[in-house]
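*Asks:* In my numbering, the protein residues as written are 75 to 469.
Structure below.
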């Protein structure tokens, strides 16, 4: 069944940080018909999934508290964007007509098939359903059962810290360095906290095999692991490729600097699944909201017949929580390069908690007052679009 569109019908695919902001911001123009398609009936606060796993926080919120009244929520999964027919096909068999699509499908964890046993025996914390399975598994384990967290990035560190603070026996395995995007002082602060709380950190010794009760390291060592949590690497859904749209090598929709697909100016991307000029911004909650707002602005400008502005976003750093009472707030330049300064301890934890709360507060504010979201601007972007031969993959 096809639901025929009215003028200025916009379908937003994905109800995460970027998609929710975009859907609310579109309401700044009267007469918009906005549909948000999301596979879950509740919003998932992904920055709190490690807390949900440990049982220290919820990680879901009702969309009724986040979306403006005129946004129509459809709980379903998009399977294909038919750009010629201007319809979004859904898993339920329905299809939605559109004038514009905002592609905000986000990202997910990537457990590599090349690592034997990883797909079968490792658990992910990247999505709500995965986190539910992981939480149930943890509830079955004795407190002293050895837990291995694979991945030395922020998700791995936060997961390991949350579990260690609860008295779990945790090993954190890094394929390279711990927190490689942080400064040396920031990394030392993280390492000190982890050591003080009993976390064994193994650097430059990646996991090469996962067993039900152990992991094998590149060094050949075999370590007991009653539970292995895989946090290394990100992937994106295959919807763009399945729809015949060109992507970068990871599968992010390839766009120009206004977030418009290079294949169809009726498709605009936002968040983790966008690759403007083949040079995407860091996958993060920090970038998702502003990219969602700028995607909505691009659509509104096209409807108004005005030229969309190129994206602009300056980074300021990143936060990593270390349990409930400590964190490291790494300061960075506008281009996201860390400087040798960080805020730690309880002050860092306060900043981290404020940052997490702001993520959903901004969505709610955009619902109350469309167009209100502001963000730091002026971060460097490429002067020329990247060479197509370097970044484009055939659909």
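Beta carbons are placed, not taken as given, at the ideal position from N, Cα and C, and that holds for glycine. These numbers come from a predicted model, not from an experiment.
Can you find the residues in the same chain that come closer than 6 Å, C-beta to C-beta, to residue 296, ignoring five residues on each side of it along the sequence?
*Replies:* Excluding sequence neighbours, residue 296 sits near 288 and 290.
*Asks:* Quick check on this structure: which residue in 180, 293 and 316 has the alpha carbon closest to the alpha carbon of residue 90?
*Replies:* The residue with the shortest Cα to Cα distance from residue 90 is 180.
*Asks:* What do you get for residue 448, buried or exposed, if any count of 16 or more other CB atoms within 10 angstroms of its CB means buried?
*Replies:* Under this definition residue 448 is an exposed residue.
*Asks:* Assuming residue 198 and residue 226 make a contact with CB atoms under 8 Å, what is their CB distance in whole Å?
*Replies:* Incorrect: roughly 16 Å between the Cβ atoms, too far for contact.
*Asks:* Can you tell me which of 265, 216 and 192 puts its alpha carbon nearest to the alpha carbon of residue 285?
*Replies:* The option with the nearest alpha carbon to residue 285 is 192.
*Asks:* Excluding the 5 residues flanking residue 445 on each side, which residues of the same chain have their C-beta closer than 8 Å to its C-beta?
*Replies:* Counting only Cβ-Cβ distances below 8 Å, and skipping sequence neighbours, we find 99 and 102.
*Asks:* Among 230, 402 and 273, whose alpha-carbon lies nearest the alpha-carbon of residue 240?
*Replies:* It is 273 whose Cα lies nearest to the Cα of residue 240.
*Asks:* Looking at the unbroken beta strand (DSSP E) that takes in residue 476, where does it start and where does it end?
*Replies:* Lying before the first or after the last residue shown, residue 476 is absent from the chain, which here runs from 75 to 469.
*Asks:* Identify every residue that forms a DSSP beta bridge with residue 236.
*Replies:* Its beta-bridge partners do not exist; DSSP assigns none.
*Asks:* Tell me, please, whether the region 199-213 touches the region 109-129 by the rule of three or more beta-carbon pairs shorter than 8 Å.
*Replies:* Yes, the region 199-213 is in contact with the region 109-129.
*Asks:* In whole angstroms, what is the alpha-carbon distance linking residue 371 and residue 217?
*Replies:* Cα-Cα distance, rounded: 50 Å.
*Asks:* What residue range is occupied by the uninterrupted beta strand (DSSP E) comprising residue 304?
*Replies:* Taken as a continuous stretch (DSSP letters only), the beta strand (DSSP E) holding residue 304 covers 301-304.
*Asks:* Within 10 angstroms of the Cβ of residue 436, are there 16 or more other Cβ atoms? Answer buried if so, exposed if not.
*Replies:* Per the 10 Å Cβ criterion, buried.
*Asks:* Just to confirm my understanding: we take residue 182, look at its own chain, exclude 5 residues before and 5 after, and list those with CB closer than 6 Å. What are they?
*Replies:* For residue 182, where only same-chain residues beyond five positions count, the Cβ hits under 6 Å are 200, 201 and 309.
*Asks:* Taking the runs of the alpha helix (DSSP H) that are 4 residues or longer, which of them lie wholly in the region 319-403?
*Replies:* Here the runs fully enclosed are 359-378.
*Asks:* Once DSSP output is grouped into helix, strand and coil, what is the label at residue 412?
*Replies:* The answer is strand: DSSP assigns residue 412 an E or B state.
*Asks:* So residue 156 and residue 83 are in contact, right, with Cβ under 8 Å, and what is the actual spacing, rounded?
*Replies:* 14 Å between Cβ atoms; not a contact.
*Asks:* Count the other CB atoms within 10 Å of the CB of residue 415; is the residue buried (16 or more) or exposed (fewer)?
*Replies:* The residue is exposed, with fewer than 16 neighbouring Cβ atoms inside 10 Å.
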